[in-house]
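Protein chains in written order, with the working numbering: chain A, 1 to 432; chain B, 433 to 565.
If you want it as structure tokens, here you go:
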């Protein structure tokens, strides 16, 4: 059946719900209905046929709506590259380390500084603030373990390899792996050994050393022998594996939309707060229809986990940022990547890295599609916090400006102000 | 009454027919007619957002299996400005003209096009498959 216009649907909801009969136009409408019983009956009949107040979705729309429900999220697969991924002891140690300010050069920054537990594990800032101001927006961690690529540009290929980067990034925790390995041995040695086995002897290892650190730290690293370097790297990798084990437990929460979607999928009537308003339904129809949002924001996490150039403008005072295209060499060179010596399990887990796209022009200024779950609660948006509100984000995608470099995949779209507002209203239903 | 009639007419109007759908057959002839190729997911169905192995079966126009072929996989989404999210490769010869193509992935719903460049002793040709998810 042809879709009934949302506008009319709204109107008939208003006719039957006195609290919505507030504007003059509708008031007049009501009077004329009262005076003409015949028309009222016909309208009532039309309303019943059209399913007044009840959302009408095509079978294809219903399938898409069902595919977006949180209940459609499959259980998290085991991570064979991290033998400790589902080890409760490792997750507990990981939680301790996640909130430990000692895991930084100056003792003031932990993972939780930017990934704040009360704020969806993000910080609400345009760019994360560690020891210094970083170049990118802190991402929420809900469902992060489902992502094959980490960071906005996917420069790491596992959650445990990702966790190591901020620890040594001079703008984030700014420490070095030799110091971290020594700290974990001194502070958590017994817990560590119960999970990962015996710790190496660090008595002849420099206090501060890393292949990525200051000139002094790099010199110290180069002065160590292979066995010493491997010993430090192994403890460092295990710190990442513990942090990953903890982060695997951070999952998105059921939202109003999920309760609505479950009812639609089951063919039942949404109840209580699962009833979406006509505006929210209009937004949902746009999201999965004309506005093409769900092409990339698909599945229960509202992301395809892939990289796209969508013409998001750069931030003037940040260093040049070319996104995915510059991440390829970094993930290839990472000794903690899936094909490196610190992976547990076999190389069959390394498909994403093995079959990674390496040299296509579309990688230029391509960034990972973020999840939209609970998105209304975490402005600003985009990879460097370019937009302050969801309204600005929707306006950007409707206008679809060309990219400063590379080619934007987004095409301009005519959206009325009312349609933009409806899209934002729908996005707000993705919050618990 | 007029309103009601209009409403009834509006609601019962037939759906506009969908835009011409691409040909999604799993067996296609190559562009110059050198090969007949069948391309299917190894475990039955194409899945969204999962790395999959596919099996390509190559025959000559006369129906003989094609051996020792080299296969280049390209493609993307014609309606978007991007290619495949992965770089699939031929990873195994399974015998009788069958080749395993690993690293196949479709990150979005919609129309995908796969262009397989095939070279064998009988010649070189391209075969195009459409997949709609």
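Every residue gets a Cβ at the ideal spot worked out from N, C-alpha and C, and that includes glycine. Predicted model only: the values in this text are computed from it and were never measured.
{"Item": "For the candidate residues A:406, A:398, A:369, A:380, whose alpha-carbon lies nearest to that of residue 150 of chain A?", "Value": "A:369"}
{"Item": "How about residue 480 of chain B: is its C-beta nearer than 9 Å to some C-beta of chain A?", "Value": "yes"}
{"Item": "Going straight from the alpha carbon of residue 415 of chain A to that of residue 281 of chain A, what length do you get?", "Value": "16 Å"}
{"Item": "To the nearest whole angstrom, what separates the beta carbons of residue 352 of chain A and residue 565 of chain B, a pair I think is in contact under 8 Å?", "Value": "Actually they do not touch by this definition, with Cβ atoms about 19 Å apart."}
{"Item": "Going along chain B, which residues have a C-beta under 8 Å from residue 77 of chain A?", "Value": "Correct list: empty, because the minimum Cβ distance to chain B is about 10 Å."}
{"Item": "Among all the DSSP beta bridges, which residues are the ones paired with residue 492 of chain B?", "Value": "B:467"}
{"Item": "Based on the DSSP output, what are the partners of residue 133 of chain A in its beta bridges?", "Value": "A:129"}
{"Item": "How many Å lie between residue 237 of chain A and residue 541 of chain B at the Cα?", "Value": "36 Å"}
{"Item": "Go ahead and label residue 432 of chain A buried or exposed: buried means 16 or more other beta carbons lie within 10 angstroms of its beta carbon, across all protein chains shown.", "Value": "exposed"}
{"Item": "Rank A:329, A:84, A:245, A:92 by C-alpha distance to the C-alpha of residue 145 of chain A and give the top, closest one.", "Value": "A:245"}
{"Item": "For a contact defined as C-beta to C-beta under 7 Å, what are the partners of residue 312 of chain A on chain B?", "Value": "Those within 7 Å of residue 312 of chain A in chain B number zero; the least Cβ separation is about 15 Å."}
{"Item": "Is the distance from the Cβ of residue 362 of chain A to the Cβ of residue 309 of chain A below 9 Å?", "Value": "yes"}
{"Item": "Quick check: what's the CA-CA separation for residue 208 of chain A versus residue 176 of chain A?", "Value": "6 Å"}
{"Item": "For residue 568 of chain B, does the count of other Cβ atoms within 10 angstroms reach 16, so buried, or fall short, so exposed?", "Value": "Residue 568 of chain B lies beyond the residue range present for chain B, which begins at 433 and ends at 565; the question has no answer from this structure."}
{"Item": "Reducing DSSP to helix, strand and coil, say where residue 546 of chain B ends up.", "Value": "strand"}
{"Item": "Would you mind telling me which residues of chain B sit closer than 9 Å to residue 351 of chain A, beta carbon to beta carbon, in chain order?", "Value": "483, 518, 534, 535, 537"}
{"Item": "Cβ of residue 531 of chain B within 9 Å of Cβ of residue 559 of chain B?", "Value": "no"}
{"Item": "Out of B:481, B:523, B:529, B:477, point me to the one whose CA is closest to residue 504 of chain B's CA.", "Value": "B:523"}
{"Item": "What runs of the beta strand (DSSP E), each 3 residues or longer, lie entirely inside the region 64-146 of chain A?", "Value": "none"}
{"Item": "Go through its chain and collect everything with a Cβ distance to residue 131 of chain A's Cβ below 8 Å, but skip five positions before and after it.", "Value": "104, 105, 106, 108, 109, 170, 171, 172, 173, 174"}
{"Item": "What is the DSSP secondary structure of residue 392 of chain A, reduced to helix, strand or coil?", "Value": "helix"}
{"Item": "Would you decide whether residue 255 of chain A is buried or exposed? Buried here means 16 or more other CB atoms lie within 10 Å of its CB.", "Value": "buried"}
{"Item": "Since residue 515 of chain B meets chain A, which of its residues come closer than 8 Å, beta carbon to beta carbon?", "Value": "357, 360, 362"}
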